[in-house]
DNA sequence: TCTGGCACTCGCGTGCGAAGAGTGCCAGAG
DNA sequence: CTCTGGCACTCTTCGCACGCGAGTGCCAGA
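Chains as they are written, first to last, in UniProt numbering: chain A, 1 to 338; chain B, 1 to 338.
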């Protein structure tokens, strides 16, 4: 077990390193923090911390930098979440309030998060499966061609063009639309399959094929993994860590282009509060030198999707966590209003 | 006026520089291209080309690199558009064909373009103002709250939530929906304002306020500059030019985050064919060392939006132009089908 | 257990010299 | 007038040695 002072030393190392981006030595530590002990003592503590794997030196004769394990301890035990200041809160609210539709909300949120944290922001669209149906619209494009439009309570809109096996009249279409809506409107998407399974039976034989096709398209839309969407922004912030660069930024940009990777990344965070995954805790290789701070957000009590930021492991964890949490809270409010 | 051979020298310089990314000298030139003259002659030609501002040397004792003006001449006079090979064409078609909706088409197009050109791809969503209305849907969310959903022939869907000045009944809503659609369905968006201006008069006095609100929201949606959307991808490709990096990539990433900048960028290209803007020809400062290759695409004869790529001025122009043109063509086809 | 002192290790910046690439110019040939 | 070969010159790049400074580890003493 580490003594109280050693934990303080670790905390000081993390704070200094995050601030300066440079390995921190024993002397500098005692000068910048009032630890009340001499550099020599700190050196001993550092040796112990290194022994335990919390810090490391890039090369002999340099200062120490925290390891992933060190950051983990810092986040779990040594630091809290830094709340946003009132002016910041107001700024967040103002920034999000002008949004005209869901795309706009998401886009603004991404920009906001990227600006606040000065890192790469990721915002997932509200998940269909965790939303409820507001309306299902069917439009006839051609005699045997129908467009299905799905609208959720969170403002998300999905559409599909369907080729029908047989021509489908306007009246049948109106009938299907009405029946569909009366069954599913206001219900949770996860309940939709069981709510519509017997629907074809209500139709004439010649229309049943088409009705089934429409319904199966509707259900396909809800298949997890297909239905998830997200938006990212603030990639320019990656260039702020320009030293080691090309080698470090490349895989990150590549990972960010893979929606699947990102969705998995966000999906892994099960914690109801702010989740932090540090360095190698991220499954994806390209993100081994980054940390991901994420949290769920939702219009009501329940999370309908996640948002977060990706940054270097040497980030300001308390501040980032605070910003992420605050933004999630306000986005939830905005969604609830619309 | 430049002699034929000097133009060939310029072409050779551009080709070699694009290939190797390194300043090209007179000796290497005569070896790699059969110019039929000696290095000394080429040196004289180079001096002339430099005099005219087509090439430059980074420092006294290095080879020459093309200037923006040199690339411009190359693109205009010395190189054509390199057509895609049949296998490439098939690959493009296959890649785009699986798309389920417009977002998917755009997303796939971005990925495709980024992969083909190994550069940053930008795809604009079909412009509303240049599309026709497929359907307008109105949904009642609350007694005095309506959702407006707009669907275009290109598959684009926009939605807005409207707070009405007065409660609006289901029947009035249905009435408005029917009248709206009968007037605007199939018509061009630019004609919508004049088609609906007298619509409030058909309603009871108490509903007129709401109808006007709905209509003005509809018209707002069409305001150019608000209605444009785009998607970008392939930013990881920026890291391929890793030498000069941090300084060069930073402003580009920043510019790419500014939708406004990008829209202006694409908007400036008036040419009906493939447009190339080289280096300083781009108004935005951050893009001064990049070139933008763009082209309009559309479901019919007319362009509904643009797509293109952003890359270093030292890019393979013929190949990039070929890829951009080919992709635009196929995207147009796909849109026409759906 | 903490502290001050001291020797040691390394990374980093600097200066210098050799190597190499490429140019510009010039005189001569076609 | 144009092209060519030769030659001197310039400038960048690279390798290497050197010294400085930061930081460590260890030890003896309080």
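The C-beta atom is built at its ideal place from N, Cα and C for all residues, glycine as well.
Straight-line spacing of the CA atoms in residue 6 (chain A) and residue 314 (chain A) works out to 20 angstroms. For residue 236 (chain B), the C-beta contacts it makes with chain A under 7 angstroms involve 250, 253, 254, 257, in order along the chain.
Rounded to the nearest angstrom, the gap between the Cα atoms of residue 281 (chain B) and residue 64 (chain B) is 21 angstroms. Apart from sequence neighbours up to five positions away, the residues of its chain that approach residue 296 (chain A) with a beta-carbon distance below 6 angstroms are 303, 306, ordered along the chain. With a threshold of 7 angstroms between beta carbons, residue 7 (chain B) makes no contact with chain A. Within the segment 87 to 101 of chain A, 100, 101 place their CB atoms closer than 8 angstroms to a CB of chain B, listed in sequence order.
If you check each beta-carbon in the segment 151 to 168 of chain B against every beta-carbon of chain A, the ones closer than 8 angstroms belong to 151, 155, 157, 158, 159, 160, 161. Secondary structure note for residue 308 (chain A): its beta strand (DSSP E) is the uninterrupted segment 305 to 312.
Ranked by Cα distance from residue 310 (chain B), the first of B:62, B:221, B:115 is B:115. Burial state of residue 226 (chain B) is exposed, judged by a 10 Å Cβ sphere holding fewer than 16 other Cβ atoms.
DSSP places residue 276 (chain B) within a strand segment (E or B) once states are collapsed to three.
Considering only B:328, B:214, B:18, B:201, the residue with the shortest C-alpha distance to residue 137 (chain B) is B:214. With a cutoff of 7 angstroms on beta-carbon distance, residue 162 (chain B) and residue 148 (chain B) are scored as near each other. A direct Cα-to-Cα measurement between residue 294 (chain A) and residue 335 (chain A) gives close to 18 angstroms. In this structure, DSSP gives residue 188 (chain B) an extended state, which the three-state scheme calls strand.
Nearest neighbour of residue 199 (chain B) by Cα position, chosen from B:191, B:265, B:190, B:183, turns out to be B:183.
Sorting A:158, A:205, A:267, A:268 by C-alpha distance to the C-alpha of residue 222 (chain A) places A:158 at the top. Contact annotation: in the segment 168 to 183 of chain A, no residue has its CB less than 7 angstroms from a CB in chain B. Here residue 45 (chain B) has 5, 6, 9 as same chain residues with Cβ atoms under 7 angstroms from its own Cβ, once five neighbours each way along the sequence are excluded.
Counting only runs of 3 or more residues that sit fully inside the segment 175 to 234 of chain B, the beta strand (DSSP E) segments are 230 to 233, in chain order.
For residue 129 (chain A) and residue 151 (chain A), the gap between their C-alpha atoms comes out near 12 angstroms.
For residue 159 (chain B), the uninterrupted beta strand (DSSP E) segment begins and ends at 157 to 163.
The beta-carbon of residue 338 (chain B) is placed less than 7 angstroms from the nearest beta-carbon of chain A.
Cβ contact annotation for residue 267 (chain A) (same chain, cutoff 8 angstroms, sequence separation greater than five): 306, in chain order.
Per DSSP, the unbroken alpha helix (DSSP H) holding residue 317 (chain A) starts and ends at 317 to 337. Straight across, the Cα-Cα distance linking residue 257 (chain A) with residue 120 (chain A) is about 12 angstroms. Counting other Cβ atoms within 10 Å of its Cβ, residue 187 (chain B) stays below 16 and is therefore classed as exposed. Residue-level contact check: residue 139 (chain A) touches chain B, since one or more beta carbons of chain B fall below 7 angstroms from its beta carbon. Among the residues of the segment 321 to 334 of chain A, none has a Cβ less than 8 angstroms away from any Cβ of chain B. When 7 angstroms is used as the limit between beta carbons, residue 135 (chain B) is near these residues of chain A: 139, in chain order. In the DSSP annotation of this structure, the continuous segment of the beta strand (DSSP E) that includes residue 297 (chain B) starts and ends at 290 to 297.
For the 7 angstroms CB-CB criterion, residue 253 (chain A) and residue 235 (chain B) form a contact. Chain-order list of chain A residues neighbouring residue 149 (chain B): 135, 137, 149, 151, 157, by C-beta distance under 9 angstroms.
Among the bridge pairs identified by DSSP, residue 13 (chain A) is matched with none. A distance below 7 angstroms between beta-carbons, with the five flanking residues on each side excluded, links residue 292 (chain B) to the following residues of its chain, in chain order: 265, 277, 282, 308, 310. What residue 239 (chain B) touches in chain A, judged by beta-carbon distance under 8 angstroms, is 246, 249, 250, 253, going in chain order.
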